[in-house]
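Visitor:
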Ligand SMILES: [Zn+2]
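In our numbering, the protein residues as written are 103 to 415.
(1) Any idea if residue 313 is buried or exposed, counting beta-carbon neighbours within 10 angstroms, 16 or more meaning buried?
(2) Mapping the DSSP letters down to three states, classify residue 379 as helix, strand or coil.
(3) Identify the continuous beta strand (DSSP E) that holds residue 202 and give its terminal residues.
(4) Does the beta carbon of residue 338 fall short of 7 Å from some heavy atom of ligand 1?
(5) Between residue 317 and residue 185, what straight-line distance do the alpha-carbon atoms span, to the nearest angstrom?
(6) Looking only at its own chain, which residues have a Cβ that is under 8 Å from the Cβ of residue 410, when we skip the five neighbours before and after it?
(7) Is any heavy atom in ligand 1 found nearer than 7 Å to the beta carbon of residue 310?
(8) Is residue 289 helix, strand or coil by DSSP?
(9) Is there contact here, the segment 279-291 with the segment 173-193, by at least three beta-carbon pairs under 8 Å?
(10) Looking at the structure shown, is residue 142 part of a helix, part of a strand, or coil, going by DSSP?
(11) If you measure from the beta carbon of residue 387 to each beta carbon in chain B, is any gap under 8 Å?
(12) So what does DSSP say about residue 157, is it helix, strand or coil?
(13) Taking the Cβ atom as the reference point for each residue, do residue 188 and residue 201 lie within a distance shorter than 8 Å?
(14) Assuming residue 283 and residue 223 form a contact by the criterion Cβ under 8 Å, report the distance between their Cβ atoms to the nearest whole angstrom.
(15) Just list the alpha helix (DSSP H) runs in the segment 244-302, keeping only unbroken ones of 4 residues or longer that don't cross its boundaries, in chain order.
(16) Can you look up residue 406 in the DSSP assignment and give me helix, strand or coil?
(17) To the nearest angstrom, how far is it from the Cα of residue 360 to the Cα of residue 384?
(18) Any contact between the segment 349-359 and the segment 208-215? By contact I mean 3 or more CB pairs, one from each, below 8 Å.
(19) Suppose the cutoff is 8 Å on Cβ atoms and the five residues either side in sequence are ignored; what does the same chain contact list for residue 391 look like?
(20) So if DSSP puts residue 209 in a beta bridge, which residue, or which two residues, is it bridged to?
(21) Less than 7 Å between the CB of residue 342 and some heavy atom of ligand 1, yes or no?
(22) Is it the case that the CB of residue 314 approaches a heavy atom of ligand 1 more closely than 7 Å?
(23) Have a look at the DSSP bridge pairing and note the partners of residue 219.
(24) When you compare only the Cα positions, how much space is there between residue 280 and residue 246?
(25) How should residue 446 be labelled, buried or exposed, when 16 other C-beta atoms within 10 angstroms of its C-beta is the threshold for buried?
(26) Assuming the contact rule is C-beta atoms closer than 8 Å, residue 337 and residue 386 should be a hit. Round their C-beta distance to whole Å, please.
(27) So what does DSSP say about residue 351, is it helix, strand or coil?
(28) Could you have a look at residue 358 and say whether DSSP puts it in helix, strand or coil?
(29) Can you list, in chain order, the residues of its chain whose CB lies under 6 Å from that of residue 128, leaving out five sequence neighbours each side?
(30) Determine the contact status of residue 382 and residue 328, defining contact as a CB-CB distance below 8 Å.
(31) Does the beta-carbon distance from residue 172 to residue 274 come in below 8 Å?
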């Protein structure tokens, strides 16, 4: 039987893309948005806050032994290469920089992607769209007729520029400091600091992100493009992340789980029954939850249902 404790603060990340709190206080807006790589409004918002990044004590780069241990835990064949891009704590890297600018010790299996811009790897189309918006031509002459349109264009252009100019570390931080981009099957993570708590979080986050990689390469090929994000996250937490510790099970993805949806597991399943990937993941979760203590399993189910229906009427 597994014991558990609710994790109030561990919100991790996912998908095209997600940031770890480099900021002093998390807030709900940010927590709600993390793991959705791709929201420029988040960056705008966080830029108004003052980052509070602690200086590193010792620089440690990606540890291939840790990656191998995680692969073993998850049953990923040892020959399967996992691409990892780590953001060094003291870097001034921007998402417009190329991968080759990231020091080699902070890259694992990134061969062939050196020439890609970091933002392209993390955000794909949103990154390209932002670049074209940042370069958009705006009329020099403002008339009564075009005034409103010009102002809107200028605003969009500024927003795109701010977003593109934000540091790699900030973008990652907005996604919980760790994220998986299915676009290139790349795990992105902020270098860990050298204290035990940070190490523990880093190790666990890394397992979580490698779990997303496993979802992506397994028979269901589940990722953010074909699967409901909440299903994907709970499946990853239940089947992968929770292998990290028997005594510290994670039972929810975000605090939205605490808001009662008034809906049931069956309500959710009937919405998703025609969706093969979602359906397959639900079945695997169901199976895995059978090994949990009944009340814990029920709590996790209800948390998923609450998050799945969160924000709907
Ligand atoms: Zn995740």
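Yeah, the Cβ is synthetic: ideal placement off N, Cα and C, and Gly gets one too.
Guide: This is what the structure holds:
(1) Working through the chain shown from its first residue, we reach residue 313 at position 211. The residue in question, residue 313, is buried, as its Cβ has 16 or more Cβ neighbours within 10 Å.
(2) Taking the first residue of the chain shown as 1, we reach residue 379 at position 277. In the structure shown, residue 379 sits in a helix (DSSP, three-state: H, G or I).
(3) Taking the first residue of the chain shown as 1, we reach residue 202 at position 100. Run containing residue 202: none; DSSP gives neither H nor E here.
(4) Against the chain shown, residue 338 aligns to sequence position 236. Yes, since a heavy atom of ligand 1 falls inside the 7 Å radius drawn around the Cβ of residue 338.
(5) On the chain shown, residue 317 is found 215 positions in, with the first residue counted as 1. On the chain shown, residue 185 is found 83 positions in, with the first residue counted as 1. Rounded to whole angstroms, residue 317 to residue 185 spans 15 Å at the Cα level.
(6) Within the chain shown, numbered from 1, the residue matching residue 410 stands at position 308. The answer, listed in chain order, is 330, 332, 333, 363, 365, 370.
(7) Within the chain shown, numbered from 1, the residue matching residue 310 stands at position 208. Yes, the beta carbon of residue 310 sits closer than 7 Å to at least one heavy atom of ligand 1.
(8) Walking along the chain shown from the start, residue 289 turns up at place 187. The three-state reading of DSSP puts residue 289 in strand, counting E and B together.
(9) Contact between the segment 279-291 and the segment 173-193 is established, with three or more Cβ pairs separated by less than 8 Å.
(10) Locating residue 142 in the chain shown gives position 40, where the first residue counts as 1. It is helical.
(11) In summary, chain B is missing from the structure at hand, where a single protein chain is found.
(12) Working through the chain shown from its first residue, we reach residue 157 at position 55. A caution first: residue 157 carries a pLDDT of 49, below 50, which makes its placement in the model unreliable, though a value can still be read off. Residue 157 falls in the coil class under three-state DSSP.
(13) On the chain shown, position 86 is the one that residue 188 refers to. On the chain shown, position 99 is the one that residue 201 refers to. Their beta carbons are not under 8 Å apart, which means residue 188 does not touch residue 201 by this criterion.
(14) Taking the first residue of the chain shown as position 1, residue 283 is located at position 181. Taking the first residue of the chain shown as position 1, residue 223 is located at position 121. Right, their Cβ atoms sit about 6 Å apart.
(15) List check, alpha helix (DSSP H) in window: 249-267, 270-275.
(16) As a working mapping, residue 406 is identified with position 304 in the chain shown. The three-state secondary structure of residue 406, taken from DSSP, is helix.
(17) Stepping through the chain shown from its first residue, residue 360 is reached at position 258. Stepping through the chain shown from its first residue, residue 384 is reached at position 282. C-alpha separation (whole angstroms): 21 Å.
(18) Contact between the segment 349-359 and the segment 208-215 is not established, with fewer than three Cβ pairs separated by less than 8 Å.
(19) Counting from one through the chain shown, the residue named residue 391 turns up at place 289. The residues are 340, 399, 402, 403.
(20) Reading the chain shown from its first residue, position 107 is the one you call residue 209. DSSP output for residue 209 lists 187 as bridge partner(s).
(21) By 1-based counting over the chain shown, the position of residue 342 is 240. When distances are taken from the beta-carbon of residue 342 to the heavy atoms of ligand 1, even the shortest one reaches 7 Å or more.
(22) In the chain shown, counting from the first residue as 1, residue 314 sits at position 212. If you check the C-beta of residue 314 against ligand 1, you find a heavy atom less than 7 Å away.
(23) By 1-based counting over the chain shown, the position of residue 219 is 117. 200.
(24) Locating residue 280 in the chain shown gives position 178, where the first residue counts as 1. Locating residue 246 in the chain shown gives position 144, where the first residue counts as 1. Taking the straight line joining both Cα atoms gives about 47 Å.
(25) Residue 446 is absent from the model: the chain starts at 103 and stops at 415.
(26) Locating residue 337 in the chain shown gives position 235, counting from the first residue. Locating residue 386 in the chain shown gives position 284, counting from the first residue. With a Cβ gap of about 6 Å, residue 337 and residue 386 count as contacting.
(27) Start at 1 with the first residue of the chain shown, and residue 351 comes out as number 249. Here residue 351 sits in strand by DSSP.
(28) Here residue 358 is taken as the residue at index 256 of the chain shown, counted from 1. Helix.
(29) Counting from 1 along the chain shown, the entry for residue 128 is found at position 26. Note that residue 128 scores a pLDDT of 35, beneath 50, so its modelled location is shaky; the value from the coordinates is reported in the next line. Counting only Cβ-Cβ distances below 6 Å, and skipping sequence neighbours, we find nothing.
(30) Looking up residue 382 in the chain shown gives position 280. Looking up residue 328 in the chain shown gives position 226. No; because the gap between Cβ atoms is not below 8 Å, this pair is not in contact.
(31) Position 70 of the chain shown, counted from the first residue, corresponds to residue 172. Position 172 of the chain shown, counted from the first residue, corresponds to residue 274. Their beta carbons are not under 8 Å apart, which means residue 172 does not touch residue 274 by this criterion.
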